[in-house]
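*Asks:* This note's numbering numbers the first residue of the sequence shown as 1306 and each following residue consecutively.
We treat Cβ as the ideally placed atom computed from N, Cα and C, and that holds for glycine.
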Amino acid sequence: MSKTIKLTKGFDIQLEGEALRFLKTVSLSRNFALKPRDFKGIIPKMMLEVGAEVKAGDPVFHSKVDERVVFTSPVSGEIAEIKRGEKRFIEEIVILSDSGNKFKEFSVPDTNGGDRQDIIKVLLESGTWPYLRQRPFNKIASPDETPKSIFISGFDSAPLAPDYNYLLEGNDAEFNKGLEVLNVLCPGKVHLNLSKRLNNGHALTHAKNVSTTLFDGPHPSGNVGVQIHHLDPVITKNDLVWFISPQDLVIIGRLFLTGKYDARKKVAVAGSQVINKQYYEGISGVNVSSFLNNNLKEGSSRVISGNVLTGRKIEADGYLGFYDSLITVIPEGHEEEFLGWLIPTYPRPSVSRTFPSFMFPNMKYNVNTNLHGEERAFVVTGEYEKVIPMDILPLQLIKACMANDIENMEALGIYEVAEEDLALCEFICTSKSPIQSIIGRGLEFIEKEA
């Protein structure tokens, strides 16, 4: 019987617009993109020029720090544009796909007791290595290191998150092949963590060679950082734990079954501004206009690749993030509210009792992007601790990051967290502080200095 970990701290943000379990096939836009900013700490160096022809799986750029870590095209076609931002940093490499998707063939080794270095070589050459990330620092794992364990969160507790059971439906063979790869890469345990509250699907409940744990509690119970904290905590910078999402593991499993980098994935399109809230068959880096054209309600909308807490704002003709399986669209909040919270206004989620929403825990809300206040001096409220199911002191850790105090950052658990783990602190923050950015800068600073 699986072990169950009960979490009492956290907060479920109930929003309108959940994607229905219905898969629609649409004609995808011919434009796809690789976005180097999706990869934390990566300085890209182009390997191809505009006009170069590629197959799916051909390398497009590599990391300047480690040239073995390459990023490959998800489709066949030609490099149409290289978009640069400040200091000529590469923002997007746009690929114009051709009529038929042609694949580069990879020679894959046996995963049943196969050689670890041979498997790492294929993952690096195919561009699937970046799917493996590590704690601490929440960055792409190093092929020169060996983790003490690997974690897979089999559910997502974030607002409007996709249903992982549905994402994996029909991919049992690919998922189990991916698990075989992980078991070769890691001499320790491969942890597959499931939700106590959900009916977990066949692929998750019949996974082989994994250690299964059930988590019961509100968001952020689905965050892999919370799960690592309770099962195999990262104490020092040398405690390496890798993690990967289930649908990314399917892509790796597909590589070792077919010898092709096939980046197909299901994408949930959700949010109150979406007309047809459902799942679509997509490809990594797809132009989201494929799913949003003639599918948005009137009014100004915020399109997010990812969820409302941790996702990145994109344009309505922007591109899906490398690690994302969700597009969220909510109204922009342009209008100021007369007297703000002093008078009754529209219903909104809140952890305090300022609004009557606490009396309706299952009520779903139509929210916009208003902050309901401005950034101001830090106020010590004791609220952060109520939404962090980890044995850390979030307020003190945030202040240590702001002060670049390495000694206190280490003592307060900086190696255990990533930006997403404190996203709820940002949501409830009385001072409207950009807490995720503060934690991100703290992680970058301590990685360089310590």
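#1: Touch check for the segment 1424-1440 and the segment 1591-1603: three-plus C-beta pairs under 8 Å?
#2: From which residue to which residue does the alpha helix (DSSP H) around P1551 run?
#3: Cα-Cα, which of D1461, I1733, I1395, Y1628 is closest to V1684?
#4: On the three-pair Cβ rule with 8 Å, is the segment 1457-1469 touching the segment 1499-1509?
#5: I need the straight-line Cα distance from E1410 to G1558, nearest angstrom please.
#6: In its own chain, which residues sit with a C-beta less than 7 Å from the C-beta of D1415, not counting the 5 before and 5 after it?
#7: Hey, could you find the ends of the alpha helix (DSSP H) S1526 is sitting in?
#8: Buried or exposed: which applies to D1696, given that a residue is buried once 16 or more other Cβ atoms fall within 10 Å of its Cβ?
#9: What is the DSSP secondary structure of L1631, counted as helix, strand or coil?
#10: Would you kindly report the start and end of the unbroken beta strand (DSSP E) that includes H1496?
#11: When you compare each of K1737, K1501, R1746 to E1680 by their alpha carbons, which one comes out closest?
#12: Going by C-alpha to C-alpha distance, which of H1534, K1513, E1586, I1347 sits closest to T1330?
#13: Could you tell me the distance, in whole angstroms, from the CA atom of K1311 to the CA atom of T1518?
#14: Where does the unbroken alpha helix (DSSP H) through L1472 begin, and where does it stop?
#15: Looking only at C-alpha atoms, which of T1309, S1307, D1317, K1308 sits nearest to F1785?
#16: Could you check what DSSP says for Q1583 in three-state terms: helix, strand or coil?
#17: Thinking L1631 and A1575 are a contact (beta carbons under 8 Å), I'd like their distance in whole angstroms, please.
#18: Going by Cα to Cα distance, which pick from I1540, S1378, G1315, I1387 is closest to P1525?
#19: Using a Cβ-Cβ cut-off of 6 Å (strictly less than) and excluding sequence neighbours within five positions of E1688, which residues of its own chain qualify?
#20: Based on Cα-Cα distance, which residue from V1656, V1355, F1660, P1652 lies nearest to N1671?
#21: Whose CA, out of S1447, E1358, K1618, N1406, lies closest to the CA of V1546?
#22: State yes or no: is the C-beta of G1623 within less than 8 Å of the C-beta of V1608?
#23: Give every residue of the same chain whose Cβ lies closer than 6 Å to the Cβ of A1338, excluding the five residues on either side of it in the sequence, and list them in chain order.
#24: Have a look at K1392 and I1347 and give me their C-alpha separation to the nearest angstrom.
#25: Please check the pair G1475 and L1509, which I expect to be a contact at CB under 8 Å, by giving their CB distance rounded to whole angstroms.
#26: Just verifying my parser: in three-state terms, what is the DSSP assignment at M1707?
#27: When DSSP builds the beta bridges, which residues end up paired with M1351?
#28: Just to confirm the assignment: which complete alpha helix (DSSP H) runs, minimum length 4, are found wholly within the segment 1415-1479?
#29: Is M1714 closer than 8 Å to I1743 when the C-beta atoms are compared?
#30: Spatial neighbours of C1730 within its chain, please: C-beta separation below 6 Å, excluding the five flanking residues on both sides.
*Replies:* With the structure as the only source:
#1: Taking a contact to require three or more Cβ pairs closer than 8 Å, the segment 1424-1440 and the segment 1591-1603 do not qualify as touching.
#2: Counting along the chain, the unbroken alpha helix (DSSP H) around P1551 starts and ends at 1551-1563.
#3: Of D1461, I1733, I1395, Y1628, the residue nearest in Cα terms is I1733.
#4: Because the criterion of three Cβ pairs below 8 Å is met, the segment 1457-1469 and the segment 1499-1509 touch.
#5: Straight-line Cα distance between these residues: approximately 15 Å.
#6: Answer for D1415: no residue qualifies.
#7: Where S1526 is concerned, there is no enclosing alpha helix (DSSP H), given that its DSSP letter is neither H nor E.
#8: With fewer than 16 Cβ atoms within 10 Å of its Cβ, D1696 is classed as exposed.
#9: It is a strand residue.
#10: Run containing H1496: 1494-1500, per the beta strand (DSSP E) assignment.
#11: Ranking the options by Cα distance to E1680, first place goes to K1737.
#12: Distance check between T1330 and each of H1534, K1513, E1586, I1347 places E1586 closest, using alpha-carbon atoms only.
#13: One Cα belongs to K1311, the other to T1518, and the distance between them is close to 11 Å.
#14: Counting along the chain, the unbroken alpha helix (DSSP H) around L1472 starts and ends at 1469-1473.
#15: Residue 1785 lies beyond the range of the chain shown here (1306 to 1755); nothing can be said about it.
#16: Looking at Q1583 - three-state DSSP - the assignment turns out to be strand.
#17: About 7 Å separates the two Cβ atoms, so the contact holds.
#18: Considering only alpha carbons, the answer is G1315.
#19: Answer for E1688: I1733, listed in chain order.
#20: Here the closest residue by C-alpha is P1652.
#21: Comparing alpha carbon positions, the residue from S1447, E1358, K1618, N1406 closest to V1546 is S1447.
#22: With respect to the 8 Å criterion, G1623 and V1608 are classified as neighbours on the basis of their beta carbons.
#23: Scanning its chain for C-beta atoms nearer than 6 Å, with the 5 sequence neighbours on each side dropped, one finds around A1338 the residues E1397, V1399, G1590, Y1624, in chain order.
#24: Roughly 15 Å separates the two Cα atoms.
#25: In fact, because the Cβ distance is near 13 Å, the residues do not count as touching under 8 Å.
#26: Here M1707 carries a helix assignment [DSSP, helix/strand/coil].
#27: Listed as beta-bridge partners of M1351 by DSSP are F1366.
#28: Those alpha helix (DSSP H) runs which fall completely within the segment 1415-1479 and span 4+ residues are 1421-1431, 1469-1473.
#29: For I1743 and M1714, no; Cβs fall outside 8 Å.
#30: Hits under 6 Å: Y1689, P1699, I1740.
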